[in-house]
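Chemist: So that we are looking at the same thing, I have put the structure below in structure tokens.
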Amino acid sequence: MSSVTPRPYLEVKDLTVRFETDDGVVQAVSGSSFSLEAGKTLGIVGESGSGKSVTSLAVLGLHRTRSNAKVTGQIWLDDQELVTASNEEVRALRGGKMSMIFQDPLSAMHPYFTVGAQIVEAYRIHHPGVNKKVARERAIDMLARVGIPQPSRRFNDYAHQFSGGMRQRAMIAMALVNDPKLLIADEPTTALDVTVQAQILDLIRDLQAEFGSAVIMITHDLGVVAELADDVLVMYGGKVIEQGPAIDLFQRPQHPYTWGLLGSMPRMDREVRDRLTPVKGSPPSLINLPSGCAFHPRCPYAGRNGDRSFTDIPVLTGGAHSVACHMSAEERTKIFQEEVAPNL
Amino acid sequence: MSENLLEVTGLQKHFPITKGLFKRQVGAVRAVDGIDLTVQAGETLGLVGESGCGKSTAGRLFTRILEPTAGKIVFEGQDISHKSVTQMRPLRRDVQMIFQDPYSSLNPRHTIGTIISAPLQIQNIPTPQGLKTAVQELLELVGLSPEHYNRYPHEFSGGQRQRIGIARALALRPKLIIADEPVSALDVSIQAQVVNLLEDLQSEFDLTYVFIAHDLSVVRHISDRVAVMYLGKVMEIAHRDDLYKNPRHPYTVALMSAVPVPDPVRRDRAQRDRVLLTGDVPSPINPPSGCRFRTRCWKAQDICAVEEPPLVRRLDDPDGHLTACHFPVVEDEAVAGRKPATINV
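Chains A and B supply the protein sequences, listed in that same order.
Each residue of the first sequence is one higher than the last, beginning at 0 in numbering that gives the first Met the number 0.
Each residue of the second sequence is one higher than the last, beginning at 0 in numbering that gives the first Met the number 0.
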């Protein structure tokens with residue numbers, strides 16, 4: 000690759016995550032690669048079981064406690080390789096240089112400790128010399144910055160005393176207390192109402208501008224991705240099947256699965272369509288992935304160019320906006336313009 | 000003019016809050032606090048609102064799973080507000096429900112055959128070809144294979160389970176189906192499949208739907224008319240196109256502007272036009288006086304705290320577009336006035 004572009008803050012190369020279970024080996028992520036620069040947002044989209052959450056857990060090294068998990072490939076965070084790093088090394092980064100916002104803040108927070116105490120703990124672990132008073136001030140300051148009214152009073156409340164939106168704000172405060180350079184948000188707004196979701200997305204956007212962190216936004220909602228992401232990864236069956244700049248990907252989606260996702264969504268910004276045009280069938284089992292292209296059983300265009308779809312796994316090709324599909328770029332463009340776009 | 004299948008007037012459901020040994024009532028959660036609605040035969044009425052607005056409770060009242068605290072529910076001219084379980088039984092043929100969670104709404108110990116045939120057996124519906132054939136026909140109708148008859152719910156994916164729930168609701172060939180968040184637990188592509196299925200079944204069997212959901216885009220897609228609820232009240236109700244093109248209630252405007260649009264090009268515009276509501280929904284135990292939305296509304300004035308605005312036609316709205324607001328949003332303002340609300344609770 001060219002040496003002019005700045006070195007990405009996070010670079011994931013050929014990441015593979017397997018879980019050995021009694022039913023067989025679960026191929027949660029197979030060979031996904033991506034990179035992310037500081038200050039940018041990467042959206043990872045996919046349905047349940049597409050590998051999007053496992054990818055982020057692998058970056059944070061949260062699979063390490065599971066003896067049945069096998070992770071291969073490379074994860075570079077700011078010149079440090081994480082797959083081969085020791086548990087201590089990863090622990091020093093987790094919550095410090097990289098942190099995470101989870102979907103359900105009620106189960107991600109400890110019910111027995113006050114929200115404030117948990118933020119203080121997160122801060123003092125990474126700042127061992129800091130006394131309690133300073134840490135407390137830092138925590139209150141963070142609560143104020145994420146928009147929690149009366150932060151010094153709410154500091155002493157427990158997670159269950161917060162509303163859903165406020166709880167998510169508190170978790171964001173905890174994730175950001177150590178100025179992380181990488182923030183992973185796994186479906187941070189899925190459990191929230193739309194008006195609260197808008198507040199939280201706004202907050203993440205503002206904080207990112209302020210702190211300059213790189214953000215990975217994992218979601219199933221293409222609307223949320225379009226709101227925040229600079230670049231988008233579409234995952235299916237544990238693989239990245241399409242990846243590119245957000246504007247390009249939404250305007251000229253290339254993979255039949257991405258077409259299906261867009262066709263499944265009723266949109267508020269368009270006239271009402273008579274019918275939605277979803278992908279047929281359901282997502283594959285990760286234990287028993289279909290041969291060839293994992294999407295072929297659901298793809299209306301499989302088999303157009305001989306048997307390749309059923310035997311060969313397509314590779315991700317095409318530069319900035321790349322796609323893993325056996326059809327040629329011309330073929331896909333034609334299909335998209337003639338058959339797909341009119342129905343979106 | 001189509002007839003009204005369901006008419007609801009002044010409907011209330013208060014859940015008592017009790018305290019102490021003798022269960023002394025100390026308050027009530029006013030989940031549904033006086034709503035008036037009609038559902039016409041053959042239409043889909045969408046019921047939207049955020050969590051805790053009372054939309055699910057309303058659905059459970061319509062099907063008389065719950066008994067109302069006050070108000071009247073009239074189904075096909077019959078007052079069903081306080082009918083007993085036995086009195087309701089014949090009516091259950093006509094009113095069925097589809098639930099949100101396809102995991103907890105199917106008994107894990109029963110086969111699909113038992114689950115779907117249960118309504119037929121309870122209602123003693125004659126099945127000339129036999130019960131099994133009747134169930135298998137239903138399975139085919141919802142896009143499942145007849146061979147699934149002897150399987151158990153855990154063998155199915157979320158989308159397939161929701162289809163099973165739909166087959167069960169359809170077994171008695173009801174007139175009205177109340178669907179409570181039927182697609183919100185499903186993946187995007189599966190969601191669209193189920194929405195299409197519900198639409199096909201509606202035209203095939205002349206069904207009437209009350210479609211309860213928090214997702215405004217899905218509700219817009221499927222509904223003929225839409226009612227927006229907030230803290231147990233209907234804030235605005237209108238024909239789908241009137242409501243989405245010309246929302247009058249500030250809450251409706253805020254709700255719609257909050258929906259993320261899958262178009263990164265419009266991102267900046269969408270953010271600029273967004274009405275950011277501050278604070279949270281107040282508690283339904285002690286809702287604000289006057290208009291319930293006033294604590295989060297950027298147009299609120301003194302009168303809003305004193306007088307509750309009635310749900311009536313405002314400005315030059317077409318018939319059937321009703322808004323409960325003293326200061327309905329006018330068209331130009333709907334774009335120009337979208338500034339983040341600064342009122343805090």
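Just so it is clear, CB atoms sit at the ideal spot from N, CA and C, and this is done for glycine as well.
No experiment lies behind these values; they were computed from the predicted model shown.
1. Evaluate Ala54 (chain A) with the Cβ neighbour count: other Cβ atoms within 10 Å of its Cβ, from every protein chain shown; 16 or more gives buried, anything less gives exposed.
2. With a CB to CB cut of under 8 angstroms and the five nearest residues on each side skipped, what residues in its chain are close to Asp78 (chain B)?
3. Run down chain B in chain order and give the residues with a C-beta less than 7 angstroms from the C-beta of Thr194 (chain A).
4. Could you check how far apart the C-beta atoms of Leu76 (chain A) and Leu206 (chain A) are, in whole angstroms? I think they sit under 8 angstroms.
5. Helix, strand or coil for Val145 (chain A) per DSSP?
6. Can you say whether Ala69 (chain B) is buried or exposed, counting buried as having 16 or more other CB atoms within 10 angstroms of its CB?
7. Residues bridged to Gln79 (chain A) by DSSP?
8. Rounded C-beta distance between Pro282 (chain A) and Ser263 (chain A)? I'm assuming under 8 angstroms.
9. Based on Cα-Cα distance, which residue from B:Arg23, B:Gln159, B:Thr37 lies nearest to Ser188 (chain B)?
10. Give a yes or no on whether 8 angstroms exceeds the smallest Cβ distance from Pro281 (chain B) to chain A.
11. Which chain A residues sit within Cβ distance under 8 angstroms of Ser144 (chain B)?
12. So that I know if they touch, is there some Cβ in chain A lying closer than 8 angstroms to that of Ile211 (chain B)?
13. Within the chosen definition, does the segment 206 to 214 of chain B reach the segment 32 to 42 of chain B through at least 3 CB pairs nearer than 8 angstroms?
14. Quick check on Pro249 (chain B): does DSSP put it in helix, strand or coil?
15. Output needed for Ile147 (chain A): all residues of its chain with C-beta closer than 7 angstroms, excluding positions within five of it in sequence on either side, in chain order.
16. Excluding the 5 residues flanking Pro339 (chain B) on each side, which residues of the same chain have their C-beta closer than 6 angstroms to its C-beta?
17. In its own chain, which residues sit with a C-beta less than 7 angstroms from the C-beta of Gln26 (chain A), not counting the 5 before and 5 after it?
18. So with Cβ pairs under 8 angstroms, would you call Arg266 (chain A) a contact of chain B?
19. Can you list, in chain order, the stretches of the alpha helix (DSSP H) that have 4 or more residues and sit fully within the segment 90 to 126 of chain A?
20. When you compare only the Cα positions, how much space is there between Glu325 (chain A) and Glu10 (chain A)?
21. Quick test of your reading: Ile246 (chain A) and Pro263 (chain B), contact by CB under 8 angstroms. State the CB separation rounded to the nearest angstrom.
22. Give me the Cβ distance between Asp103 (chain A) and Ala190 (chain A), rounded to the nearest whole Å; I'm assuming they're in contact under 8 angstroms.
23. Between Leu44 (chain B) and chain A, is the shortest Cβ-Cβ distance under 8 angstroms, so that the two count as touching?
24. Using a C-beta cutoff of 8 angstroms, does His220 (chain B) count as contacting chain A?
25. What span of residues does the beta strand (DSSP E) with Gly23 (chain A) cover, start to end?
26. Would you kindly work out how many angstroms separate the C-alpha atoms of Ile124 (chain B) and Pro296 (chain A), rounded to a whole number?
27. Determine the DSSP secondary structure at Glu203 (chain B), reduced to helix, strand or coil.
28. Given that Asn195 (chain B) touches chain A, what residues does it touch there, using C-beta distances under 8 angstroms?
29. Measuring CA to CA, which of A:Ala158, A:Phe101, A:Thr113, A:Gly60 is closest to Ser85 (chain A)?
30. Are the segment 300 to 313 of chain B and the segment 217 to 225 of chain B touching, with three or more C-beta to C-beta distances below 8 angstroms?
31. Hey, does Ala225 (chain A) have any beta-carbon neighbour from chain B nearer than 8 angstroms?
32. Beta carbons nearer than 9 angstroms to chain A: which residues of the segment 144 to 172 of chain B have them?
33. Can you check whether the CB of Thr17 (chain B) is closer than 8 angstroms to the CB of Gln11 (chain B)?
34. Chain D beta carbons: is any one of them nearer than 8 angstroms to that of Ala40 (chain B)?
35. With H, G and I counted as helix, E and B as strand and the rest as coil, what does DSSP make of Thr68 (chain B)?
36. Measure the Cβ-Cβ separation of Phe33 (chain A) and Gln250 (chain A) and say whether it is below 8 angstroms.
Modeler: This is what the structure holds:
1. The residue labelled residue 54 (chain A) in the question sits at position 55 within the first sequence. Checking the displayed sequence, the identity of residue 54 (chain A) turns out to be Thr instead of Ala. Buried, because 16 or more other Cβ atoms sit within 10 Å of the Cβ of Thr54 (chain A).
2. Residue numbering aside, residue 78 (chain B) sits at position 79 when the second sequence is read from its first letter. The answer, listed in chain order, is Lys71, Ile72.
3. Within the first sequence, the letter at position 195 stands for residue 194 (chain A). Ordered by position in chain B, the residues that pass the 7 angstroms Cβ test against Thr194 (chain A) are Glu49, Ala253, Leu254, Ala257, Leu276.
4. Indexing the first sequence from 1 puts residue 76 (chain A) at position 77. Indexing the first sequence from 1 puts residue 206 (chain A) at position 207. That pair is no contact at about 20 angstroms.
5. Taking the first residue of the first sequence as 1, we reach residue 145 (chain A) at position 146. In the structure shown, Val145 (chain A) sits in coil (DSSP, three-state: anything other than H, G, I, E or B).
6. As a working mapping, residue 69 (chain B) is identified with position 70 in the second sequence. Classification of Ala69 (chain B): exposed, given that the 10 Å Cβ count is below 16.
7. Indexing the first sequence from 1 puts residue 79 (chain A) at position 80. According to DSSP, Gln79 (chain A) bridges with A:Leu76.
8. Reading the first sequence from its first residue, position 283 is the one you call residue 282 (chain A). Reading the first sequence from its first residue, position 264 is the one you call residue 263 (chain A). Between Ser263 (chain A) and Pro282 (chain A) the Cβ distance is about 13 angstroms, and since that is not below 8 angstroms, they are no contact.
9. The sequence position of residue 188 (chain B) within the second sequence is 189, counting from 1. For Ser188 (chain B), the nearest C-alpha among the options comes from B:Gln159.
10. Start at 1 with the first residue of the second sequence, and residue 281 (chain B) comes out as number 282. Not one chain A Cβ lies under 8 angstroms of Pro281 (chain B).
11. As a working mapping, residue 144 (chain B) is identified with position 145 in the second sequence. Near Ser144 (chain B) there are no residues of chain A at all, since even the closest Cβ is about 13 angstroms away, more than 8 angstroms.
12. As a first step, residue 211 (chain B) must be located in the second sequence, where it is residue number 212. By this cut-off, Ile211 (chain B) is not an interface position.
13. yes
14. Taking the second sequence and counting its residues from 1, the one referred to as residue 249 (chain B) is at position 250. Of the three classes helix, strand and coil, the one that applies to Pro249 (chain B) here is helix, per DSSP.
15. Stepping through the first sequence from its first residue, residue 147 (chain A) is reached at position 148. Cβ neighbours of Ile147 (chain A) beyond the five flanking positions: Arg153, Met165, Arg168, Ala169.
16. Position 340 of the second sequence holds residue 339 (chain B). Residue confidence for Pro339 (chain B) is low, a pLDDT of 43 falling below 50, so the modelled location carries little weight and cannot support an answer.
17. Translated into positions along the first sequence, residue 26 (chain A) becomes position 27. So the list reads Arg17, Gly237, Leu285, Leu288, once near-sequence residues are dropped.
18. Start at 1 with the first residue of the first sequence, and residue 266 (chain A) comes out as number 267. Closer than 8 angstroms to some Cβ of chain B, the Cβ of Arg266 (chain A) qualifies, so yes.
19. 104 to 107, 114 to 125
20. As a position in the first sequence, residue 325 (chain A) is number 326, starting the count at 1. As a position in the first sequence, residue 10 (chain A) is number 11, starting the count at 1. Per the sequence presented here, residue 325 (chain A) reads as His, with Glu not at that position. Going from the Cα of His325 (chain A) to the Cα of Glu10 (chain A) covers about 26 angstroms.
21. Reading the first sequence from its first residue, position 247 is the one you call residue 246 (chain A). Reading the second sequence from its first residue, position 264 is the one you call residue 263 (chain B). About 5 angstroms; that satisfies the 8 angstroms criterion.
22. Here residue 103 (chain A) corresponds to residue number 104 of the first sequence, with the count starting at 1. Here residue 190 (chain A) corresponds to residue number 191 of the first sequence, with the count starting at 1. Indeed, because the Cβ distance is near 6 angstroms, the residues count as touching under 8 angstroms.
23. As a first step, residue 44 (chain B) is located in the second sequence; it is residue number 45 there, counting from the start. No, because no Cβ of chain A sits closer than 8 angstroms to the Cβ of Leu44 (chain B).
24. Within the second sequence, residue 220 (chain B) is the residue found at index 221, counting from 1. So, interface residue.
25. Here residue 23 (chain A) refers to the residue found at position 24 when the first sequence is read from its first residue. Element bounds for Gly23 (chain A): 23 to 35.
26. To locate residue 124 (chain B), count along the second sequence from 1; it is residue 125. To locate residue 296 (chain A), count along the first sequence from 1; it is residue 297. About 40 angstroms.
27. Position 204 of the second sequence, counted from the start, is the residue given in the question as residue 203 (chain B). Helix, per DSSP.
28. If you number the second sequence from 1, residue 195 (chain B) lands on position 196. By Cβ distance, chain A contributes Arg274, Leu275, Pro277.
29. As a position in the first sequence, residue 85 (chain A) is number 86, starting the count at 1. The shortest Cα separation from Ser85 (chain A) among A:Ala158, A:Phe101, A:Thr113, A:Gly60 belongs to A:Gly60.
30. no
31. The residue given as residue 225 (chain A) occupies position 226 in the first sequence. For Ala225 (chain A), the answer is yes, since a Cβ of chain B falls inside 8 angstroms of its Cβ.
32. Ser156, Gly157, Gly158, Gln159
33. As a first step, residue 11 (chain B) is located in the second sequence; it is residue number 12 there, counting from the start. As a first step, residue 17 (chain B) is located in the second sequence; it is residue number 18 there, counting from the start. Not in contact: Gln11 (chain B) and Thr17 (chain B) (Cβ atoms no closer than 8 angstroms).
34. Among the protein chains in the structure shown, which are A and B, there is no chain D.
35. One-based indexing of the second sequence puts residue 68 (chain B) at position 69. Three-state DSSP puts Thr68 (chain B) in coil, outside helix and strand.
36. Along the first sequence, one-based indexing puts residue 33 (chain A) at 34. Along the first sequence, one-based indexing puts residue 250 (chain A) at 251. Cβ distance not < 8 angstroms, so Phe33 (chain A) and Gln250 (chain A) don't count as in contact.
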